[in-house]
Amino acid sequence: VPRGRAIGLLTALLLLGIGSVLFTARPALSRRLLIASQPALDAQGDGYAAMRITDALEHAQLWGAAPVEAADLQIAVRLVPWWDTDALLTSIICRLGWIPFGLLCAGLSVLFVWCLICVLRQRSALAQLMGIAILVTLIVQAVCSMAMNLGFVLLSATCPFLMGNLHSVLDL
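Take 110 as the starting number for the sequence shown in the numbering used here and just add one per residue.
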């Protein structure tokens, strides 16, 4: 076995072992993962945000607002914790539809690819390293935000470039 492959295998086994020890030693972590996968188990506690997001997205259309009464839509959206900041994408899906959400995701993806191309064109290794570090941070934050806004609240973050509230973003 080549030396590099053996070191990689040992590192992976060590990380797997540490992860399993942490998982079994911390029951709060295993409970959080269980509730993140099945939020209905604790709908009034830790699963509250995921349940409200699921309720709000239940009637979302491909284009346009959900076909429920305007007052019911307002109540469903406002029951989502952080509906005007962290769960802004959930509000956009409920009020504008899935297609605008998809276009927003596609736009962010194009922006990230363009940024990556610009970073890789840098001549300085330090500039490339810093650019990649910043870009990876923004991509992870965007993926966590999109996951949270689709009901998987284990990874929560504010979507990059959409900070503020619903009125300031939609009024631009």
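Glycine included, C-beta positions come from ideal geometry on N, C-alpha and C.
Residue j beta carbon less than 8 Å from that of residue i
i: Ala174; j: Arg204; result: yes
i: Leu171; j: Ile208; result: yes
i: Ala196; j: Asn258; result: yes
i: Ile127; j: Gly260; result: no
i: Ala169; j: Gly206; result: yes
Beta-carbon separation (whole angstroms), residue i vs residue j, contact threshold 8 Å
i: Leu198; j: Cys268; result: 6 Å
i: Gly240; j: Val228; result: 3 Å
i: Ala251; j: Leu217; result: 6 Å
i: Ile202; j: Leu166; result: 6 Å
i: Arg224; j: Leu238; result: Note on residue identity: the sequence assigns Cys, not Arg, to residue 224. With a Cβ gap of about 14 Å, Cys224 and Leu238 do not count as contacting.
Opening and closing residue of the alpha helix (DSSP H) in which residue i lies
i: Leu166; result: 157–166
In chain order, which continuous runs of the alpha helix (DSSP H) of length 4 or greater are located wholly inside the stretch 193–264?
197–205, 207–229, 234–258
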